[in-house]
Amino acid sequence: MTNTLDRRTLLRMAGASAGTAVLAGATLAGAGAAHASGGAFLHGVASGDPLPDGILLWTRITPTPDATPGSGVGPDVEVSWQVATDPDFVTVTAQGQLMTGPARDHTVKVAVSGLAPATTYWYRFGYAGGWSPTGRTMTAPPTDAAIDRLRMGVVSCANWEAGYFAAYRRLADRGDLNLVVHLGDYLYEYGTGQFDAGGTVIRKVEPAHEVLTLADYRIRHGLYKSDPDLAALHAALPWVITWDDHEVANDAWSGGAENHTPSTEGAWADRVAAARRAYQEWMPVRMGEDGAIYRRFRYGQLAELSMLDLRTYRSQQASGTAVDDPRRTVTGDAQMTWLKAGLAASTARWKLVGNPVMMARVDVGSLPAWLLGPLGTLLGIPQNGAVLNADQWDGYNADRNELVDHLRATGTRDVVFLTGDIHTSWANEVTTKSTGLSNPAAAEFVVPSVTSDNVNDFLKLPAGNPLSALGAGLIRSTNPHVRWTELDGHGYGVLEVTPQHCRMDWYHLADRTRAGSASRWVAGFSVGAGSAKLRRETAPTL
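Numbered per mature numbering (1 follows the signal peptide of the UniProt record, and there is no 0), the sequence shown spans residues -36 to -1, 1 to 506.
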């Protein structure tokens, strides 16, 4: 089904004393302009990382025709910016100017502070007497505010050559969301024809070759920001983003990647530096001075969102019983310490974790070694079972056990992992040896890809084919903690958070290869406060 929803305005709150309130979305005035050319503003506008008193704003200016992304040419120019409480900019609450130029690929990022909490704002950029498209954003509520509801779109894995970004358009059109959470693979590094729609290139990437250099990554970011559906969603809502592997190269780890050959593609460190610099320039995200992207956001008393980086610090992927090696890590020591401490200390009702790769176990063909006893050791089965995908937390059992054991030891409840990466849809209960099969420590919702190939695409079969259904059935039969999985659909998730429950609804596109594709609701699962057990829902929230 397509989404037709009432439009509401974000309610202002002064804090807990204002009483309980609902965070609701508002329609972006002049949304059609969000993907117009905007004169010299050819790549739209965006906002991200909302705080109670501030927001990060982004755009790119093209001051001369030759100053294209990655070109390294064009003059240094001054760009103005404005933030207002109305879409006509009658009441401007913040404004300023800054310089940009080819050194930062003519991108503009402004960290605006001094704003009111839980407030809808409109923003724009100016240059040479013209204005950019107008964007709309929202600040977060005060940390002690009582919130009745929070809604967010959740997305991952948008491959340009595999289709159109109709999933972004469907989210932009909803009108009831507070933010977008992107879990990584915002773009892909491949050259044309290397990863497309089941062998068919729907639209060609630029540059045509695999991206390796700073100029390459800048060009690829510029291509993505030219997409009208992506531009519409950026202009409609603030985003909270993290990266996964394809922002640099497939199956990346701290010292390399599956899709990187030093002998022909140069030093890994040089490629990472180029990719990260372009990402910092082109994305509405706050990064630490050391380049760290893991960070935390608070939405009143209702929810706290911890965004993870599971590529920068991880050990190389392994196989067999090596996945149990306690010396190997997916988070790195510093991030694990930060994550455990933050979850245990959080006073928010819900502890959400933006988690690029799947947390829950996936055992295919064997039971976990801890259920098999000595037989498991004799057969060489890893502690949590034969690993289907060692790029996930399954390949780093010690880190997963450490985190789950910490949640149990500290009595930390109401933890929900929001996950992307694997292009398919899942509702999981997180279990390990310490939890047993019936007492999960957390819940996990995995969203499908926006466009990237999944099971039926790799098989070159239609969605819902018998082999995909057989695969989903096999996973469910050997993994009772996997409450639901669907292996063929592309689309997005909508997460609703209330004091009573945390619920994910999955929406799949009718056809990712068609611009403007409709979407339909396919499933919903919720977890109640104080429990990590999932409940299937029979109809969409709205």
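Note that CB positions come from ideal geometry on N, CA and C, so glycine has one too.
Small disclaimer: the values here were computed from a predicted structure and weren't measured.
Say whether chain B places a C-beta atom closer than 7 Å to the C-beta of residue i.
i	result
His465	Looking for chain B here will not work: only one protein chain is present.
What are the boundary residues of the beta strand (DSSP E) that residue i is part of?
i	result
Asn214	Per DSSP, Asn214 belongs to no beta strand (DSSP E) and is neither H nor E.
Gly186	Not the beta strand (DSSP E): Gly186 falls in the alpha helix (DSSP H), residues Leu178 to Lys189.
Val119	Leu114 to Val119
Ala172	Unbroken run through Ala172: none, as it is neither H nor E.
Ser270	Ala267 to Met271
Glu253	Neither: Glu253 is in no beta strand (DSSP E) and is coded neither H nor E.
Pro14	Val9 to Leu15
Asn392	Ser389 to Val394
Please look up how many angstroms separate the CB atoms of residue i and residue j, rounded, as I've assumed it's under 8 Å.
i	j	result
Asp469	Pro412	Not confirmed; about 12 Å, so no contact.
Leu272	Tyr258	5 Å
Val394	Ala324	5 Å
Tyr85	Val9	Tyr85 to Val9, Cβ: 12 Å. No contact.
Leu143	Pro14	7 Å
Leu451	Val414	Rounded, the Cβ-Cβ distance is 16 Å, inconsistent with contact.
Ala238	Leu178	4 Å
residue 507	Asn123	Here the chain has residues from -36 to 506 only, and residue 507 is not among them.
Val56	Leu21	That belief does not hold up - the Cβ atoms of Val56 and Leu21 are roughly 14 Å apart, past 8 Å.
Ser483	Gly455	6 Å
Gly230	Leu316	In fact, because the Cβ distance is near 38 Å, the residues do not count as touching under 8 Å.
Gly255	Ile111	At roughly 32 Å, the Cβ-Cβ gap does not stay under 8 Å, so Gly255 and Ile111 are not in contact.
Val321	Leu274	6 Å
Leu149	Gly384	One point to set straight first is that residue 149 is Asp, not Leu, in the sequence displayed. Yes, Asp149 and Gly384 are in contact; Cβ-Cβ is about 7 Å, under 8 Å.
Pro27	Pro39	6 Å
Gln46	Gln59	5 Å
Tell me which residues share the same chain as residue i and place their Cβ nearer than 7 Å to its Cβ, disregarding the 5 neighbours each side in the sequence.
i	result
Met247	Ile205
Thr156	Glu125, Val165, Lys168, Val169 and Ala172
Glu460	Arg113, Arg115, Arg467 and Thr505
Gly252	none
Leu342	The predicted model places Leu342 with a pLDDT of 41, which falls under 50 and marks its position as unreliable; any figure quoted below should be read in that light. If we look at Leu342 and ignore the five residues flanking it on each side, it has no Cβ neighbours.
Ala406	Leu371, Val379, Val380, Phe381, Val394 and Ala496
Leu194	Phe129, Tyr132 and Tyr188
His224	Ala213, Trp232 and Arg235
His185	Pro33, Leu151, Ala242 and Trp246
Trp485	Met(-36), Asp469, Tyr471 and Pro504
Tyr181	Val175, Ala238, Ala239 and Ala242
Tyr154	Glu174
Between which residues of its own chain and residue i is the CB-CB distance below 8 Å, once the five residues before and five after are set aside?
i	result
Thr293	Tyr277, Arg278, Ser279, Met300, Tyr360, Ala362 and Asp363
Gln464	Gly492 and Ala493
Ala298	Tyr277
Gly480	Tyr128, Ala130 and Arg133
Asp17	Ser77, Gly78, Leu79, Ala80, Pro81 and Thr103
Locate the alpha helix (DSSP H) running through residue i, then write down its first and last residues.
i	result
Tyr243	Trp232 to Trp246
Leu194	Pro192 to Ala200
Val368	Asn361 to Thr374
Glu229	Pro226 to Glu229
Return the bridge partner residues of residue i from the DSSP annotation.
i	result
Gln46	Gln59 and Arg88
Phe261	Leu269
Asp327	Val351
Gly18	Leu15
Leu382	Gly318 and Phe409
Ala221	Ala216
Arg500	Phe489
Arg24	Thr71
Val294	DSSP, once it has assigned bridges, lists no residue as partnering Val294.
Val204	Val145
Val41	Thr64
To which residues of the same chain is residue i closer than 6 Å at the C-beta, ignoring the five residues directly before and after it?
i	result
Arg447	Ala391 and Leu498
Arg24	His7, His70 and Thr71
Ser310	Glu268
Ala427	Asn420 and Asp452
Ala436	Thr449 and Leu451
Asp289	none
> In chain order, which alpha helix (DSSP H) runs of at least 4 residues are fully inside the region 297 to 325?
Replying inline: Scanning the region 297 to 325 for uninterrupted alpha helix (DSSP H) segments of 4 residues or longer gives 297 to 309, listed from N- to C-terminal end.
>> Please give me, in chain order, every unbroken run of the alpha helix (DSSP H) with length at least 4 that falls completely inside the region 423 to 497.
In response: With a minimum length of 4 residues, the continuous alpha helix (DSSP H) runs that stay inside the region 423 to 497 are 430 to 442.
>> Just to confirm the assignment: which complete beta strand (DSSP E) runs, minimum length 3, are found wholly within the region 135 to 170?
In response: Here the runs fully enclosed are 143 to 146.
> Hey, which unbroken runs of the beta strand (DSSP E) at 3 residues or more fall wholly within the region 58 to 118?
Replying inline: Correct list: 71 to 76, 84 to 91 and 99 to 102.
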